[in-house]
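**Student:**
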Amino acid sequence: MKLSEKIVVVGGGLAGLSAAARLASKGFAVQLLEKAPKLGGRAITIPLKGFNFNFGAHAIYGRDHSVLRKYESEIGLHVNWKDFSPKKAFYDLGSFTTPMPSTLERLYRTKILDAENKLRLAYDVIKTLSAIERGKEGVLIGDYLKKEPDQVRDFLLTLASSNFFTNEPENIPSPLFFRYYKRLFATHTPVSYIGGGWQSIVDGLAKIISDNGGEIIPKEKAQKLEIEGRKIVAVHGKERVYKADRFIFCIPPKELVALFTDTPYQGLFEEYSRYRPNQVVVYDVGLSERIDSPYTYIYHKGERVFITDISYYDETCTPEGGQLMQAVAYLTQDEIDQDKANEKVSVIESVYDKHYPGWRDKLVAKRLSKRATVQEIKCIEDQRLMPVEFYSLSNAYFAGDWCEGDGQLSELSFSSAYEVTNRILDHKKVLQ
Ligand SMILES: Cc1cc2nc3c(=O)[nH]c(=O)nc-3n(C[C@H](O)[C@H](O)[C@H](O)COP(=O)(O)OP(=O)(O)OC[C@H]3O[C@@H](n4cnc5c(N)ncnc54)[C@H](O)[C@@H]3O)c2cc1C
1 MKLSEKIVVV
11 GGGLAGLSAA
21 ARLASKGFAV
31 QLLEKAPKLG
41 GRAITIPLKG
51 FNFNFGAHAI
61 YGRDHSVLRK
71 YESEIGLHVN
81 WKDFSPKKAF
91 YDLGSFTTPM
101 PSTLERLYRT
111 KILDAENKLR
121 LAYDVIKTLS
131 AIERGKEGVL
141 IGDYLKKEPD
151 QVRDFLLTLA
161 SSNFFTNEPE
171 NIPSPLFFRY
181 YKRLFATHTP
191 VSYIGGGWQS
201 IVDGLAKIIS
211 DNGGEIIPKE
221 KAQKLEIEGR
231 KIVAVHGKER
241 VYKADRFIFC
251 IPPKELVALF
261 TDTPYQGLFE
271 EYSRYRPNQV
281 VVYDVGLSER
291 IDSPYTYIYH
301 KGERVFITDI
311 SYYDETCTPE
321 GGQLMQAVAY
331 LTQDEIDQDK
341 ANEKVSVIES
351 VYDKHYPGWR
361 DKLVAKRLSK
371 RATVQEIKCI
381 EDQRLMPVEF
391 YSLSNAYFAG
401 DWCEGDGQLS
411 ELSFSSAYEV
421 TNRILDHKKV
431 LQ
């Protein structure tokens with residue numbers, strides 16, 4: 001294979017950065033274009049009054065099986081894993097709190113299930129792990145779980161709410177649900193945070209690109225394409241034209257439709273640009289001093305709001321002695337359509353009041369986003385993720401959390417990018 005093959009990557013979020021870093025480290029000549037001044041996309045870190053707020057991603061689910069592990073071993077990406085403490089993760093059931101059953105010992109202690117249903121859940125976990133339970137094509141998980149006792153069904157839907165970041169877990173297709181949990185139940189570390197914040201991953205990937213001779217071009221929006229037959233020949237930026245052998249597009253479907261406008265390929269992306277994103281309300285607070293609490297993670301089941309004490313795991317995100325917490329409220333499509341985000345803000349504040357009394361007096365900085373896109377395509381009902389490659393376009397690849405891959409959220413970005421780089425490395429395509 002001609003290793004000096006030239007690759008242009010469009011989009012400098014986690015997908016674009018990880019694809020570019022892997023290919024640069026394998027000897028490809030890589031150029032990465034990012035329209036924003038800063039790299040990272042939805043995983044950027046925003047400094048404010050001495051606090052570092054992660055705009056988007058916070059946690060990695062199922063670290064043992066995360067593609068990030070491959071980036072660590074293969075290309076030397078350093079990840080400062082901070083595994084969450086199961087002993088400090090609780091459910092708030094309104095009138096009392098109870099351990100989140102994330103380990104066997106916590107399952108034994110939790111009051112979210114009675115003894116009989118604990119056994120039933122343990123049995124279901126074994127069936128999921130051994131792929132005896134795989135769901136059924138065409139059946140949503142809410143319907144599929146109707147055969148389960150109410151407590152177990154309710155628990156599994158609550159779990160899916162927090163892993164898929166959704167207020168409508170019942171609408172997840174049942175095969176996807178079981179595929180996801182087969183992977184997650186097999187891990188020893190269901191949730192991990194990142195020391196140094198997600199900025200450290202963004203910086204680490206950018207450094208691997210530069211150290212291997214790759215070029216990163218910020219403030220460069222891909223605006224137009226030159227196409228000959230089934231091949232892309234060049235991407236046009238503001239002033240420069242980028243020619244390459246292959247192109248990886250790590251920009252969301254709506255941006256793809258705009259970029260491919262007036263080409264024969266625009267229609268490929270339209271279906272995916274119409275699907276609904278997964279949106280949440282995020283309300284992060286930076287406090288001047290820590291408020292003692294038995295929890296580092298508390299999930300208010302009734303309100304479907306969770307709070308994580310990020311600074312417990314990553315001490316670099318606050319000034320000395322401070323505390324940074326993240327709250328997320330899940331939204332249904334109806335809530336988004338009816339603009340209910342404001343109501344969620346006061347709900348979140350009441351959950352902070354309940355578990356971190358006095359937080360308002362210590363508030364130094366906050367970040368509120370009433371409609372943050374957690375995943376570009378929400379995996380519910382008939383919404384489908386986009387393929388990483390189309391047969392009709394011979395030298396273009398696609399990655400991002402709207403593309404087919406493993407896991408959900410950022411794991412989809414990493415895994416789709418990894419798959420794309422595998423395809424390029426495998427040299428499955430013959431350059432004309
Ligand atoms: C509030 C919140 C909480 C989250 N929590 C978690 C979590 O706990 N765990 C987790 O795993 N994930 C989480 N996520 C999801 C995670 O942040 C995303 O899945 C991930 O960052 C998406 O990366 P991406 O590269 O696929 O897409 P993006 O980040 O959207 O990257 C696309 C990039 O392309 C650029 N671009 C667009 N058009 C062009 C163009 N024409 N030319 C050049 N550049 C262009 C954009 O500027 C952007 O940088 C969260 C997200 C949010 C918002």
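In the UniProt record's numbering, the protein residues as written are 1 to 432. From the three backbone atoms N, C-alpha and C, an ideal C-beta is built for every residue, glycine too.
1) Cα-Cα, which of Thr263, Pro253, Ile112 is closest to Arg384?
2) Work out the CA separation of Arg120 and Ala29 for me, nearest whole Å.
3) Quick one: give me the first and last residue of the beta strand (DSSP E) that Arg367 is part of.
4) Could you give the C-beta distance for Arg134 and Pro99, rounded to a whole number, given that I count them as a contact under 8 Å?
5) Just to check, is the beta-carbon of Ile251 closer than 7 Å to a non-hydrogen atom of ligand 1?
6) Report the three-state DSSP secondary structure of Leu113 (helix, strand or coil).
7) Could you compute how far the alpha carbon of Glu137 sits from the alpha carbon of Gly62?
8) When the Cα of Tyr193 is compared with those of Ala258, Ile209, Asn80, which residue comes out closest?
9) According to DSSP, is Cys317 helix, strand or coil?
10) Between Ile251 and Leu32, which are expected to be in contact by the criterion C-beta below 8 Å, what is the C-beta distance as a whole number of angstroms?
11) So Asp284 is in the beta strand (DSSP E); what residue range does that whole segment cover?
12) How should Tyr108 be labelled, buried or exposed, when 16 other C-beta atoms within 10 angstroms of its C-beta is the threshold for buried?
13) Provide the residue(s) that pair with Phe53 in DSSP beta bridges, ordered along the chain.
14) Is the shortest distance between the beta-carbon of Glu74 and the beta-carbons of chain D less than 8 Å?
15) How big is the Cα-Cα spacing for Ala36 and Lys219?
16) Within the present structure, is the beta-carbon of Asp203 separated from the nearest heavy atom of ligand 1 by less than 7 Å?
17) Using a threshold of 8 Å, state whether the C-beta atoms of Cys379 and Ile172 are closer than that.
18) Which residue's Cα is closest to the Cα of Val345: Ile307, Leu256, Gly321, Ile377?
19) Are there any heavy atoms of ligand 1 lying less than 7 Å away from the beta-carbon of Gly358, as far as the coordinates show?
20) Can you pull the DSSP bridge partners for Gln31?
21) Leaving out five residues on either side along the sequence, give the residues of the same chain with a beta carbon under 6 Å from the beta carbon of Gly196.
22) Would the C-beta of Tyr239 count as close to ligand 1, meaning under 7 Å from any of its heavy atoms?
23) Evaluate contact between the segment 285-304 and the segment 353-363, counting only Cβ atoms and requiring at least three cross-stretch pairs below 8 Å.
24) Beta carbon of His58: closer than 7 Å to some heavy atom of ligand 1?
25) Using beta-carbon positions only, say whether Arg246 and Ile132 come within less than 8 Å of one another.
26) In whole angstroms, give me the CA-to-CA distance for His58 and Gly229.
27) In the DSSP assignment, find the alpha helix (DSSP H) that holds Ser95 and state where it starts and stops.
28) Below 8 Å between beta carbons: does that hold for Ala417 and Ala43?
29) With the cut-off set at 8 Å, would you say Ser413 and Ala399 are in Cβ contact?
30) Could you check if Met1 is buried or exposed, using at least 16 other CB atoms within 10 Å of its CB as the buried criterion?
31) What would DSSP say about His427, mapped onto helix, strand or coil?
32) Say the cut is 7 Å; is the CB of Asp401 nearer than that to a heavy atom of ligand 1?
33) Is any non-hydrogen atom of ligand 1 found closer than 7 Å to the C-beta of Glu404, if you look at the structure I gave you?
34) Mapping the DSSP letters down to three states, classify His355 as helix, strand or coil.
35) When you compare each of Val374, Lys111, Gln326 to Asp401 by their alpha carbons, which one comes out closest?
**Tutor:** Quick look at the numbers:
1) Comparing Cα positions, the closest option is Pro253.
2) 54 Å
3) 363-375
4) The pair is not a contact, with the Cβ atoms about 29 Å apart (cut-off 8 Å).
5) Set against 7 Å, the gap from the CB of Ile251 to the closest heavy atom of ligand 1 is smaller.
6) coil
7) 25 Å
8) Tyr193 has its Cα closest to that of Asn80, out of Ala258, Ile209, Asn80.
9) helix
10) Not quite, the Cβ-Cβ distance comes to about 12 Å (not below 8 Å), so this is no contact.
11) 278-287
12) exposed
13) Ile46
14) Considering every chain present, this structure includes no chain D. It has just one protein chain.
15) 5 Å
16) Not one heavy atom of ligand 1 sits closer than 7 Å to the Cβ of Asp203.
17) A contact, by the Cβ cut-off of 8 Å.
18) Ile307
19) For Gly358, the CB stays at least 7 Å from every heavy atom of ligand 1.
20) Val8, Glu215
21) Asn80, Thr316
22) For the sequence presented, residue 239 should be read as Glu rather than Tyr. Flag unset: Cβ of Glu239 not near ligand 1.
23) yes
24) Because some heavy atom of ligand 1 lies under 7 Å away, the Cβ of His58 counts as near it: yes.
25) No.
26) 42 Å
27) Counting along the chain, Ser95 falls outside any alpha helix (DSSP H), and DSSP gives it neither H nor E.
28) no
29) yes
30) Caution applies to Met1, whose pLDDT of 47 falls short of 50 and renders its modelled position unreliable; the value that the coordinates give is listed next. By the 10 Å Cβ count, Met1 comes out exposed.
31) coil
32) yes
33) no
34) helix
35) Val374
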